[in-house]
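The structure under discussion appears below in the form of structure tokens.
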Amino acid sequence: MRLLILGPPGAGKGTQAARIAEALRIPAISTGDIFRSNIKNQTPLGRKVQAIIEAGHYVPDEVTNEIVFDRLQEPDAANGYLLDGYPRTVEQTWALREFHWSQDTDLDHVLELKVPDEEVVQRLLKRAQIEGRADDTEEVIRERMKVYHSETTPISDMARERGLLREIDGTGSMDDVYQRCMDALALPTHTPPRPARPTASA
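Letter 106 of the sequence shown, counting from 1, is numbered 395 in our numbering, and no numbers are missing.
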């Protein structure tokens with residue numbers, strides 16, 4: 290099963306991703322982890338990413354795509370995987386879709402953890418207090434939420450149009466949310482149509 294999980298900061302996305310991946314016996318693949326692993330092992334891609342980050346730049350889509358697709362072709366991902374933190378942009382979403390089609394595969398489900406913004410703010414403020422993160426003010430957290438929504442809404446809309454989106458109530462206990470995720474994954478999968486990527490002028 291090939292999955293993508295979306296969710297705002299503080300929604301417990303990483304915890305759910307790890308539990309779901311373990312239950313399905315597939316790797317949970319995070320772009321942050323991939324970057325760190327490649328940099329640590331000083332692979333050619335890792336050195337490229339390290340140079341970009343040290344120069345103070347964002348890692349461009351084409352480099353991120355290359356690293357992710359390289360990871361998706363490793364043996365442990367042959368029977369599926371759960372993507373966390375990728376794709377983050379519409380361009381990355383199209384690149385992932387085209388990669389899947391080149392492999393004659395596709396995503397089976399896109400899980401989106403839904404938590405009201407006010408609850409997210411309170412969770413993150415509480416976490417900041419516990420962990421002593423003085424920089425995580427309410428203003429900073431609300432700005433992060435604004436960025437999250439602007440990045441994620443187009444991606445979830447694209448998944449919804451293709452019948453892949455599973456919206457999950459992310460409130461309540463971690464166990465409750467996990468069970469909702471697993472229930473959603475039991476829904477039938479299908480092969481969505483393959484629309485053409487919009488042209489730049491479209």
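We put the beta carbon where it would ideally sit given N, CA and C, even for glycine. All figures in this text were calculated on a predicted structure; none of them were measured in a lab.
May I have a chain-ordered list of the beta strand (DSSP E) segments no shorter than 3 residues that lie completely inside the region 449-483?
The DSSP assignment places 454-458 as complete runs of the beta strand (DSSP E) inside the region 449-483, in order along the chain (cut-off: 3 residues).
Could you please give me the residues that DSSP links to R291 through a beta bridge?
R291 has Y370 as its beta-bridge partners, per DSSP.
Our contact map puts G459 next to K415 with C-beta atoms below 8 Å; I'd like the distance itself, whole angstroms only.
Incorrect: roughly 16 Å between the Cβ atoms, too far for contact.
By DSSP's criteria, E401 is part of a beta bridge. Which residues make up the other side?
In the DSSP assignment, E401 is bridged to L295 and E456.
Three-state class that DSSP yields for G303 in the structure shown:
Here DSSP, grouped into helix, strand and coil, assigns G303 to helix.
A317 by DSSP, collapsed to three states: which one?
Strand at A317.
H346: first and last residue of the uninterrupted alpha helix (DSSP H) it sits in:
It is not in any alpha helix (DSSP H) - H346 carries neither H nor E in the DSSP assignment.
8 Å Cβ cutoff met for G296 and E401
Yes, they are a contact pair.
Pop quiz: L292 and L371 are said to be a contact at Cβ under 8 Å. What is the actual Cβ separation, rounded to whole angstroms?
The pair is a contact, with the Cβ atoms about 4 Å apart (cut-off 8 Å).
What is the DSSP secondary structure of P376, reduced to helix, strand or coil?
Judged by DSSP in its simplified three-state form, P376 adopts coil rather than helix or strand.
Check D424 in the structure and name its three-state DSSP category.
Coil at D424, not helix or strand.
My assumption, with CB atoms under 8 Å, is that R360 sits in contact with I323. Please give the rounded CB distance.
Your pair R360 and I323 checks out as a contact, with CB atoms roughly 5 Å apart and the cut at 8 Å.
Which residues in the same chain as V352 place their Cβ atom closer than 8 Å to its Cβ, once the five residues preceding and following it in sequence are excluded?
Within the same chain, V352 has close Cβ partners L334, K337, V338 and I341.
Could you have a look at T382 and say whether DSSP puts it in helix, strand or coil?
Shown here, T382 sits in a helix according to DSSP, grouped into three states.
Does DSSP classify E363 as helix, strand or coil?
Three-state result, E363: coil.
Is the beta carbon of V409 sitting closer than 8 Å to the one on P316?
It is not a contact, given that the beta carbons lie outside the stated cut-off.
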